[in-house]
Each structure stands twice: as structure tokens, then as C-alpha cells.
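Following: one structure in C-alpha cells, then a few remarks.
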């Protein structure tokens, strides 16, 4: 069986397996079986990012869809809140899962096809449909276990961070917020092929994520040439920012990267109140951090007054005040160049 035939076989098996059964219900039947009103279930379906046939009598729902509607109804924190927050929470979940699925699809298909090919090579007489089903079950089950493990670990960390905050989905907190981006990324990408661009992004994410997680911060999101991160204190945020620059410089010095594959980085950090909403951060502190990143010189870290006040008196850091600058949305942006005193490890924040 060649690869094209294997792809067709996998496609015929994977959808009913992933949907946990055949499509057998229309909208009215989902409402009757789940007990969730059609207006609510329809809104949630769209918020999750799933396409809906305009014909309400179309058979496109499975037992898993009915069970999901029941599960939603059982979560009082979701089902009892207003429609706006319901949609926002479900939309965030849907967007996160869609992005994860888009990333995983090639990996899943390749792994299933490789397993089918390996099994059938040993015994060509086996039923291809059965082999494909077994391979799919093995791959998806293993991936589900890994995802559940990672999710539970991240949930435990997020719960620890949120203790004492106000609200399950939205809260206002004092946090350090930072951005790091690559200098000249747009110009550089014009000269890179697909593999070189992939290597560049992988190197950037390795450098930044390593510094962020090692110091106890967390990644908010990666967007192309930029990463946004957060930390509980200005001290932790400052260590992350400085370690990002150190790690990037060390890679270049060791010859692991050059000006073509790993440009210099800029980092901006601000400290103050933020709105934390479904895993993302909003507010003037976030805007200031982003603006600082935009005006920072390559290889440097700029911080705002809020972070500078918090770091004042901490001997591990050195700051140099700069003149105010005018940036989009802020008439006078005060900034400070952040450096470290010495190269030893840091004492914990008090």
C-alpha cells in the first residue's frame, strides 16, 4: 500500500474515531437528549469555532456532542453566568484547542501512517481497516495522556498563581509584564527559506521560554517574532529579561547562532496593575511594556517607572535613567536601562 492509499485509509478511519462515533443527530435531537436549550447550545457551538450547517435538520452531531452539552450544563460557574462571559470562556477554549490541533495534525497523521506501514509490512494479510483503527487508537490515546498530563500541570501552576485573586475568569492584579522581540525580523525573513525560518523561530522560543520558566515566570503568548511573558514580581521579571539577553548573547558567542539565524533581541518590562482575562493580560502596564520594547536598543532591557521603583535598592540590579520619549498613545514615556551587577545567582524576592 503506497502513501496515497494509506492517507485515504487514515481519513476514512480517523474522523469517526475522533468524533467518538458517527454523525447521527440534528440540532433538535441534541436539544432533546442533552436538555440544553437550542439557543444556548448553538451559541456555544459557534463560540467553540465549529461550523454549523444552516439547515437545522442536517445530521452532523454525535453522542460526544450531546455529552459535551450536558457537561457544560453541569458546570455552574459557566452555565449560571451571563451570555457574554459564557461565550468568552468557550471561545477562548475553542481557539486554544484549534491552534493546538492545527499544530498536531501533521504529527498525528505521520505517526498513524508510519504505524500502519510498519504493521502491514510484517503481515500484509491483516485487514487494513482494522490495522488503521488500532494505529489511530494507539496514537490518539497516547497523545491524550500527554495533553492531560501537561494540562493538569499547567492548571496546578495557574491555580497557585491565582490564589487570592478576584474572579475565576477575570481579575485585576499587580504583575510584571514583558515583551521580547527580534530586531530586524521582517527584513531577515525575506532571505530565509521555510526550514531556516522554522529554525529561527525554534531558537527564539527556546531562548525565551527557557529564561521565563527557569525564573518562575510564565509565557502569555508567542506571536511570530515576539513573546509576551509575566511574573509575580518585578524582581522575577527583571531576571527573566536579563537572562533572555544573556542566553541570546551566549548562543552567538558559542557559535550556535549568527547574525543571519539569530538577530539581537530587545526586551521591555513594566510593572503595575493588569486585567487578567482568560489567560491573557490587558491594560496600560501591558501597553507600556510593548512600547518600551519598540524603543529599546538591540541587546538591551528597558523598564518603566513602576518596575524601577520595585527594583530600587536591590543590589543585583543596576539602572540608568533615560530621557522621556513620545510614543504612540503615550506623550511622555519614562524608561530606564536595566543591567545586572555581577554575574552570580540571585537571591529570592522577599
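Residue numbers (the UniProt record's numbering): 1 to 350.
Don't be surprised by glycine CBs; every beta carbon is placed ideally from N, CA and C.
In this text, all values refer to a predicted model and were calculated from it rather than measured experimentally.
Cβ contact annotation for residue 305 (same chain, cutoff 7 Å, sequence separation greater than five): 334, in chain order. Contact holds between the stretch 61 to 77 and the stretch 9 to 28, because three or more Cβ pairs, one in each stretch, are under 8 Å apart. Runs of beta strand (DSSP E) with 3 or more residues, each lying fully within the stretch 107 to 187, are found at 170 to 182, listed in chain order. Residue 227 sits in a strand when the DSSP states are folded into three classes. Short of 7 Å from the beta carbon of residue 219, and not among the five residues preceding or following it, lie these beta carbons of its own chain, in chain order: 209, 212, 227 and 229. Around the beta carbon of residue 215, 16 or more other beta carbons sit within 10 angstroms, so the residue counts as buried. Remark: three or more beta-carbon pairs, one from each stretch, lie closer than 8 Å, so the stretch 232 to 241 and the stretch 302 to 318 are flagged as touching. The continuous stretches of beta strand (DSSP E) do not include residue 59, and DSSP gives it neither H nor E.
Judged by beta-carbon spacing, residue 241 lies within the 8 Å limit of residue 301, meaning their Cβ atoms are closer than that value. At the C-beta level, residue 285 and residue 268 stay beyond 8 Å of one another.
The Cβ atoms of residue 270 and residue 244 lie no closer than 8 Å to each other.
Linking residue 95 to residue 48 through their CA atoms gives a straight-line distance of about 7 Å. In chain order, 62 and 64 place their CB closer than 7 Å to the CB of residue 19, counting only its own chain and leaving out the 5 sequence neighbours on each side. The straight-line gap separating the alpha-carbon atoms of residue 41 and residue 107 is approximately 32 Å. Following the DSSP letters along the chain, one finds residue 272 inside the beta strand (DSSP E) bounded by residues 265 to 277.
Here residue 278 is not near residue 160, since their CB atoms are 8 Å or more apart.
At a cut-off of 4 residues, the continuous stretches assigned as alpha helix (DSSP H) that sit fully inside the stretch 8 to 90 are 27 to 34, 38 to 47, 63 to 74 and 76 to 79. In this chain, the alpha helix (DSSP H) harbouring residue 195 covers 194 to 214. Burial of residue 303 is indicated by the presence of at least 16 other C-beta atoms within 10 angstroms of its C-beta. Under DSSP, residue 103 takes part in no beta bridge, so it has no partner. Rounded to whole angstroms, residue 127 and residue 143 show a C-alpha spacing of 25 Å. Of 58, 36, 224 and 28, the smallest CA-CA separation from residue 72 is found for 36. Taken through DSSP and simplified to helix, strand or coil, residue 262 comes out as coil. In the structure shown, the three-state DSSP call for residue 250 is helix.
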